[in-house]
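Asks:
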Amino acid sequence: MIVPLVPRERSPTQLQLHWHLRKPQDRTQHGATFSFDENGEYITGLRIYKGITDADEMNNNFFAEFSPWAPPDQQLNITSSLIKWKTNNNEIPIAQCSASCVPGQRKVPIPGAKTCCYDCGPCSNGEISNTTDLTRCQDLAH
1 MIVPLVPRER
11 SPTQLQLHWH
21 LRKPQDRTQH
31 GATFSFDENG
41 EYITGLRIYK
51 GITDADEMNN
61 NFFAEFSPWA
71 PPDQQLNITS
81 SLIKWKTNNN
91 EIPIAQCSAS
101 CVPGQRKVPI
111 PGAKTCCYDC
121 GPCSNGEISN
131 TTDLTRCQDL
141 AH
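Listed below in structure tokens is the structure:
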């Protein structure tokens, strides 16, 4: 759903929607057609591309489709093998800069680093951690 920017004290109405959205069909500057039904719901499928710049050349790689008419759990279809990653062997990059802390260790923040970046340190005497990535070890007395 597209909602226009309006002051907080007012809620959007049909008259406040951009005039393009009241049309049943429109075209982008690249010629693609998109359509809305009588309730203003988007009904045109979308092909999703990832732009890759390679040696002064821009390539659009298709990797997914959105089908608004499909059942909700089947509207977005991603073909992950078609996604081109800039990693060795086209592996999906890891969004974590530190390895997980194993049982017996706790996360130790690195000053000035993002929260996903941390060191692992041993639990103190009398403490234990029995799961990965704990921020605090548990006291054995409890």
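Per the UniProt record's numbering, numbering of the sequence shown is gapless, rising by one per residue and ending at 142. Don't be surprised by glycine CBs; every beta carbon is placed ideally from N, CA and C.
Assuming Ala95 and Leu76 form a contact by the criterion Cβ under 8 angstroms, report the distance between their Cβ atoms to the nearest whole angstrom.
Replies: Between Leu76 and Ala95 the Cβ distance is about 20 angstroms, and since that is not below 8 angstroms, they are no contact.
Asks: Measure the C-alpha to C-alpha separation of Glu38 and Tyr49 and round it to an integer number of angstroms.
Replies: Those two C-alpha atoms are separated by around 29 angstroms.
Asks: Tell me which residues share the same chain as Thr131 and place their Cβ nearer than 8 angstroms to its Cβ, disregarding the 5 neighbours each side in the sequence.
Replies: Excluding residues within five positions, the ones whose Cβ falls inside 8 angstroms are Pro103.
Asks: Kindly give me the distance between the Cβ atoms of Ile110 and Cys117, rounded to whole angstroms, as I take these residues to be in contact under 8 angstroms.
Replies: Between Cys117 and Ile110 the Cβ distance is about 6 angstroms, and since that is below 8 angstroms, they are a contact.
Asks: Give the straight-line distance between the Cα atoms of Lys86 and Thr135, rounded to the nearest whole angstrom.
Replies: Roughly 32 angstroms separates the two Cα atoms.
Asks: Pro71 by DSSP, collapsed to three states: which one?
Replies: If DSSP states are grouped into helix, strand and coil, Pro71 belongs with coil.
Asks: From Gln74 to Leu46, what distance separates their C-alpha atoms?
Replies: Between Gln74 and Leu46, the C-alpha separation is close to 13 angstroms.
Asks: By the three-class DSSP mapping on this structure, what secondary structure does Ser98 have?
Replies: Correct three-state label for Ser98: coil.
Asks: Going by Cα to Cα distance, which pick from Lys107, Pro68 and Cys137 is closest to Cys97?
Replies: Looking at the Cα atoms, Lys107 is the closest of the given residues.
Asks: Is the distance from the Cβ of Ile43 to the Cβ of Pro72 below 7 angstroms?
Replies: Cβ atoms of Ile43 and Pro72: not closer than 7 angstroms.
Asks: Determine the direct distance from the alpha carbon of Gln105 to that of Ala113, and round the result to whole angstroms.
Replies: Their Cα atoms are separated by approximately 19 angstroms.
Asks: Looking only at DSSP bridge pairs, what is Gly51 linked to?
Replies: Answer is Asn60.
Asks: For Cys120 versus Cys101, is the C-beta spacing smaller than 7 angstroms?
Replies: Closer than 7 angstroms, so yes.
Asks: Please state whether the Cβ-Cβ distance between Lys84 and Asn61 is less than 7 angstroms.
Replies: Yes. Within cutoff.
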